[in-house]
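Have a look at the structure below, then the notes.
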């Protein structure tokens, strides 16, 4: 559950009147273009913080009058007359980049001029979220301020009250995007295009007219660590408040978290600031990479408020490894510029969402923001997705001379650090503050500059301090970093075509850091290789081919994931982008976000027999946290173990089976320790193919079935797993010996429950006192609205083994359920045709032989074997649904393609069965169409039932609430839809009785 989001009417954001733009004199085509860009810009203003009460904030985004002077001789610092005719003859959208052009074309350099009117009543503050490079601001022809501390950091300036008190004023802005040491000292170059203009939003904030009043400008929230659980949030925060003036004296401050009641604090401000220490957060929720729970706090003074969003989390270090909330975490992802070809440094919300979706699909959990302070909209998305983030100041290409220039360069560099921290302090995703990418840290004379930045950023005790050093072991300033980060490109810029170079280079550097700075975590902040998107058919791995790019990146990833002393990896780069002299083609997707082969991380297990492949299904119950936790962790732990020892002779059948078993039990222990209030659990089935051996491990009733062809060409089904159910004699005995009971509901349905379940069930279903009935109504309302569990309704589970399920584990008294898996190894041969991993929603209504028959049935369709597998999955799910399954329906179908054996051919279109299917499709009677209709009806039904549960409190939950199941790139329900990663399951059957009218037990 995320923090409350203030309603639009509470935020007091004014939208300018578009109709006034018609008076600007632009032609119709230009006007329509600008209006469209205006609407895009308006939609992008939804970033934190939010404002309310007496505070009124006006967005100045939209269409501005615009002009551009490309003369190299224009002195932007000279006296400037904004009334000169012809300065702004055109129109332009704000925000936008004035020099957004494709690679290979030089963008224009010069001075952009922007003009628009605005309404001011009383004192006000103009806030520029990004004005690049140099910015000079005029109001009514009079200069009111300038900014030289980098074009990508938010800054502001104050306007005194006009006379009369409310007036229409003219705002005029000069944005100079030329490289100039005087006006833009921090724009020192680098290998990326520095975009210019009003690249991010412009806001107008009302300020109080009474000097005795001081409104809240920002409220920075610092989570406090627990004294009892190392590195874990305590549930308390410190709040450091900055006011809109330098007010000193007593002040009354109201603070409210989420939707909880406001609490009043009487404090004393000094020079416009005050702090409130150790405030208890009501019902605190922890932010993590697995479950990024967000919290809001509204701080109010003199009736004006600011609402900040933050996360309860603690970034830390344990024995040279990064920790999140006390747990060691392995981070992996990409460097990421906030840029697109058509919008430059002003991407739309849709473009940001596209990048976020791709990062998730790539299974990343770490982003390095290259090479400047980030767009607040992007940081908001990273917060919500649970990513770790590295934010750094602008400054690639910095020299020793720059760092010794304290009166100019370092003056603005330290201002940039301050402004970056003020803007981004509350983003829980930010793990590292950084500066001076590839700076001259091999010179002792540069170290005071690094130390000065560290002193400012070090005021934040919740983050690490670092810089991306390409000086590596020659870096002389590392004492001022709390994390060591190296850039290096073995087998790319050096040691070309020596594919053993990455392992040699990185392992040597990791060992050096471990020896010299054993208590500091180590990051690979840049590494990788380039590849041209169109060069994908080359048979050799020539330089710049996609094949060679993948070979190099695979080996970089091998080291990062396999070496336990590497805390994090960010490959260079996520996408191809515009450089100063053309295109940077080091991305794993191209500039249009088309994927290259290197987009998919390769498992570094080449020392094992090939092919090697891993498949898994995680079927959650009573919630989604456990299934998501296990889905994100199982393959990472397996990869780490398999890649740690490269001696293939040591990977015996017994060792691999033992490894799978250890991971299951380890994940169970970690989940119970980390999610202390979560009651949910998950079953699982995993399959690891190593050469011609199939290793499978399972916990609970998720199943793996092998389809085999006999010598007589008969289709056979082979059960590779056996469900862990309480109906089995051995499982029932273990449950009873642990102090539990096994309930027989008839018709072969057995459940595991605690002793006293029947009495508790009776109490819940027939409460006698009005007080108890009202309490149960409230509990069910909260459950129906997704607000968690305020009380524990008696539960009986259908499995005898599972990951999670705290209430049935030894941590709560009785180990009715265990997480110990069964593990089996099967020797595959040419008679084995395929395998299917599935959750119990399918196996409950279909026998193994029926499942194989459905999957191996010849159907008409495309010759592509991948698409045919997808069609078979959809057909199986539809069949299970038609047979009355009310549970999750998830299947992964893997067909074995033996060398020399042709793939199964599709059914000819002339076949009678193919003709019948084609006719059904033409009438819209396909299984996919029927499924879509059922899902729509089910969604409406669930919505109605939730409303009923809230209004009457009389509905009882009897089915599993379907949340998410982890998939492996296979589709179900609608054929032809390419599913990647998590996909929502069917919701039919939630809160529903079965066909006999008897309610289905939990």
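Numbering (UniProt numbering), first residue to last: 1 to 1002. C-beta atoms are modelled at their ideal positions from N, C-alpha and C, and glycine is treated no differently.
Judged by their CB atoms, residue 293 and residue 285 are nearer to each other than the 7 Å cut-off.
An exposed status is given to residue 866, since fewer than 16 other beta-carbon atoms sit within 10 Å of its beta-carbon. Short of 7 Å from the beta carbon of residue 417, and not among the five residues preceding or following it, lie these beta carbons of its own chain, in chain order: 393, 435, 453, 456, 457. Using a 10 angstroms sphere on the CB of residue 105, the tally of other CB atoms stays under 16, which defines it as exposed. Residues of the same chain with a CB within less than 6 Å of the CB of residue 573, apart from the 5 flanking positions on each side, are 335, 586, 587 in chain order.
A straight line joining the alpha-carbon of residue 809 with that of residue 820 spans about 12 Å. Unbroken beta strand (DSSP E) runs of no fewer than 3 residues, entirely contained in the stretch 365 to 451, are found at 366 to 369, 388 to 392, 430 to 434, following chain order.
Annotation for residue 735: the continuous alpha helix (DSSP H) segment containing it runs 729 to 737. DSSP places residue 224 inside the beta strand (DSSP E), whose first and last residues are 216 to 225. Just so you know, the alpha carbons of residue 678 and residue 618 end up roughly 17 Å apart. Here residue 63 is bridged, per DSSP, to 93.
Around the Cβ of residue 134, a 10 Å sphere holds 16 or more other Cβ atoms; the residue is buried. Annotation: residue 887 to residue 730 spans about 26 Å, alpha carbon to alpha carbon.
Within the model, the alpha-carbon separation for residue 884 versus residue 845 is close to 7 Å. Distances from the CA of residue 196 to each of 541, 583, 96, 212 were compared; the closest alpha carbon is that of 96. Per DSSP, the unbroken alpha helix (DSSP H) holding residue 551 starts and ends at 546 to 562. If you ignore the 5 residues before and after residue 519, its C-beta comes within less than 8 Å of the C-beta of 317, 319, 320, all in its own chain and listed in chain order. In the three-state reduction of the DSSP assignment, residue 873 falls in the helix class, which pools H, G and I. Between the stretch 232 to 244 and the stretch 210 to 224 there are three or more C-beta pairs closer than 8 Å, enough to call the two in contact. Secondary structure of residue 498 (DSSP, three-state): coil.
With 16 or more other Cβ atoms from the protein chains shown falling within 10 Å of its own Cβ, residue 625 counts as buried.
The beta-carbon distance between residue 153 and residue 391, rounded to whole angstroms, is 10 Å. This is too long to meet the 8 Å contact definition.
The continuous beta strand (DSSP E) containing residue 827 extends over residues 822 to 827. The C-beta distance from residue 513 to residue 464 rounds to 14 Å, too long to fall under 8 Å, and the pair is not in contact.
In chain order, 814 place their CB closer than 6 Å to the CB of residue 739, counting only its own chain and leaving out the 5 sequence neighbours on each side. Close CB contacts of residue 467 within its chain, under the 6 Å cut and outside five residues either way in sequence, are with 434, 435, 436 (chain order). Within the stretch 94 to 160, the runs of beta strand (DSSP E) at least 3 residues long that lie entirely inside it are, in chain order, 111 to 121, 124 to 128, 134 to 139, 142 to 147, 155 to 159. By the Cβ-count criterion, residue 745 is exposed, with fewer than 16 other Cβ atoms from all chains shown falling within 10 Å of its own Cβ. With a 10 Å radius around the Cβ and a threshold of 16 neighbouring Cβ atoms, residue 181 comes out exposed. The C-beta distance from residue 121 to residue 63 rounds to 23 Å, too long to fall under 8 Å, and the pair is not in contact.
Going by DSSP, residue 749 is part of the beta strand (DSSP E) stretching over 749 to 754.
Using a Cβ distance threshold of 7 Å, residue 664 and residue 699 count as a contacting pair. DSSP places residue 192 in the coil class of the three-state scheme, outside both helix and strand. The three-state reading of DSSP puts residue 624 in coil, since its state is none of H, G, I, E or B.
Short of 6 Å from the beta carbon of residue 158, and not among the five residues preceding or following it, lie these beta carbons of its own chain, in chain order: 125.
The C-alpha of residue 649 is placed about 17 Å away from the C-alpha of residue 695.
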